[in-house]
Every structure is written in C-alpha cells, then in structure tokens.
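Residue numbers (my numbering): -10 to 353. From the three backbone atoms N, C-alpha and C, an ideal C-beta is built for every residue, glycine too. Here the structure is a predicted model, which is why all the values come from computation and not from measurement. Beneath this line is the structure, given in structure tokens, with notes to follow.
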Ligand SMILES: [Zn+2]
Ligand SMILES: [Zn+2]
Ligand SMILES: [Zn+2]
C-alpha cells in the first residue's frame, strides 16, 4: 500500500485521444478551431484519425487533402461537413468517397431547431459542439457510432407537451432550452443537482443507449445486477418515487449522484457519464503533458476491492487532478470544477464501465 503523499508510480492512462493539435506553422490548435489563428490555414477534424489537421486544397473544387504525413492518408480526398457554414459551425471532415455531405456526427441528427430563430440557432451551435466532443471520444474508445443512434433537438411548442430530455430505442432527445445557461442553471437548482451541462446530458443519455447495446442480454448482465441492482424493477414508479421523496439517506455511500439512486438504469447512465468525464478530462491533461505526479496533493489511496493497477492509477490521478482544479475554481470564486466525491461502491461501478468499454467484443 502506498503512503498517502507518495506519487503513484503509473503514468496517466495510455492516451487514447488528443485534445491539442499542431498546425503546419507550429501553432497549437484546439478541437473547435476551423482556421489557424496564426497562419490562417484551414483546419478540419478527421474523426476516424482523431486529429484536427491543417488542410491543402484538393484537385477538385471544395475538396481537401490532409496536410499530415503521419495519418497515412495523404491521397484521400476530403470535403468539409456541410454544416461548417450553418449555425452548427461543424469543423469535421467527410471522406469524398463516402458520398455524404454531413460528417459522422451531424449525420446522427434527425430533428434540429428552427434556425430562423437566432436564439435557437445559437443554442444548437452549443449543443453540437458538446455532441462532437462526445462523439469523438466514443469513436476513440472504439464504441459503435451510427444507426440506430439518433439525436432529436427539440423545443417545446406553445400548445404542445413539454419536451423531455431522454433516450428511447436509440433516439436521444434533448430539450434545447437546456442550451440556455440561465434556464439550465434554474433547472439545476430546482433539481438540487451539483452539476448540469449539455455535455453531461449527452453523455448520460448515451449511457442508456449503450446499456441496450452492451449490457442487455449480454454476458455482463448478471454482474451488472450484482453491482447496480435489479434493472427489472418498475422504471416509471422508481422515477416517480425519486422525484416525490428524493434519494434515500446515505446514498453517497453507494451512488455517484443522488439521481443515480433512482433506478439501476439511471445509476448506470450516471456512472457511464462520469467515466466519460474522467476519460476526456484526463486525456486533455495528458495532451498538455500535465504531470499529475508532480502535483503536491495528499490523497490517501482508495480502500477498494478493485485489483486493477492501471484503473486505480486512473482513479488516483483523477482525484489528485480534481483536488487541485477545485481549489483553482475557488480561487476564482467559481463553483467547484468537480462537485462530487467518489465512494468505494462508485469506484467499483466505474471499474465495471471501464471493463465493458475495454471489451470490444461485446459490441453487437
Ligand atoms: Zn498555422
Ligand atoms: Zn458535421
Ligand atoms: Zn437517464
């Protein structure tokens, strides 16, 4: 067992994807950029390579070649996603041979907001940026991305029923009012949540989708029920009880959030979202070569039943990183960067998500 302040010997998890890139001029570029701010080179994100790359005009109009020898794709022709010039502002690329106008992320949309309304158009831009971040990590983790996964971004109409954010049979619905910061903050306070973001919503709802694809009827189901409980209990009744009575006393010992206590499916979706938060944030830290072992934070190692050194290093690095980030947030008078505390039970559930993610063979 390591002493509390001893650096953990393992490095960050092997980097599965990058969050910082280089232009041909040597300037650093970032996930949302479509033009280099230093040399004005056009940039595009190749989702299957997982990199934002400088582009060179191709032989045909509106085509691009990747300016990147390491990709091994120097002869492949690309086009910009047709949503580059819409309110979406998508900077992803499409392979010309695919014959598609929209990129792999934008193709997942079924309904988008009415873009003649500038407020909704702005909201959609924010939603799509969060969605691309999510989709890029799902691709990097080797998860299946494509039909039947579908997104509906809907507004509640004056005389219509209220649009509920959720997942059903592969379709993820998001009420676009959540893109409005003031509304989302109001909803957060009303529901007593410590954290509520567009990215968090999308990560949570994909948890439900991948439960159907990776857990239901699979070799994982028995272990899932041991850790998360019986998913066959009445879902509607469980949610109704949660909203009427709140979580049971001591939920913090068993669940990553209060909402996770409502039903095993919600527990899974919350844990899944949490794992994606951690994976992306640690990948970003690694992209900047942030050395978490050099951070002087006294964190006692978790008492845990999990015997997986690589995963425990991931958890411990996360705890150290977020301890510092929380203090930095407080220095700016902001809310905590990471307003959660991981319990022993939550770590065991995160480890289960980790193992499911790593097991590509479960993809159906
Ligand atoms: Zn440049
Ligand atoms: Zn796109
Ligand atoms: Zn849910």
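Could you give the DSSP three-state label for residue i: helix, strand or coil?
i	result
residue 96	helix
residue 116	helix
residue 253	helix
residue 191	helix
residue 242	helix
residue 178	helix
residue 313	helix
residue 196	helix
residue 107	helix
residue 345	helix
residue 83	strand
residue 130	coil
residue 53	strand
residue 24	strand
residue 19	strand
For residue i and residue j, I'd like the C-alpha separation in whole angstroms.
i	j	result
residue 355	residue 271	For residue 355 there is no data in the structure shown, the boundaries of the chain being -10 and 353.
residue 274	residue 114	25 Å
residue 142	residue 283	43 Å
residue 215	residue 224	18 Å
residue 6	residue 299	17 Å
residue 86	residue 37	14 Å
residue 341	residue 130	15 Å
residue 102	residue 217	36 Å
residue 277	residue 11	12 Å
residue 232	residue 247	11 Å
residue 292	residue 240	18 Å
residue 134	residue 128	7 Å
residue 162	residue 331	29 Å
residue 261	residue 201	13 Å
residue 45	residue 54	5 Å
residue 234	residue 154	21 Å
residue 263	residue 25	32 Å
residue 21	residue 238	42 Å
residue 205	residue 279	38 Å
residue 175	residue 166	11 Å
residue 363	residue 149	Examination of residue 363 is not possible in this model, given that the chain is present from -10 through 353 alone.
residue 0	residue 281	Low confidence applies here, because residue 0 scores a pLDDT of 35, under 50, leaving its location unreliable; read the following figure in that light. Whole-angstrom Cα-Cα distance: 9 Å.
Do residue i and residue j have their C-beta atoms within less than 9 Å of each other?
i	j	result
residue 337	residue 294	yes
residue 197	residue 227	no
residue 73	residue 80	yes
residue 99	residue 140	yes
residue 112	residue 168	yes
residue 117	residue 159	no
residue 76	residue 104	yes
Just grab the DSSP bridge partners of residue i for me.
i	result
residue 139	160
residue 68	83
residue 327	According to DSSP, which records beta bridges pairwise, residue 327 is partnered with nothing at all.
To the nearest whole angstrom, what separates the beta carbons of residue i and residue j, a pair I think is in contact under 8 Å?
i	j	result
residue 67	residue 52	7 Å
residue 258	residue 193	5 Å
residue 328	residue 199	About 25 Å; that fails the 8 Å criterion.
residue 269	residue 69	Wrong, their Cβ atoms sit about 24 Å apart, outside the cutoff.
residue 213	residue 335	Wrong, their Cβ atoms sit about 15 Å apart, outside the cutoff.
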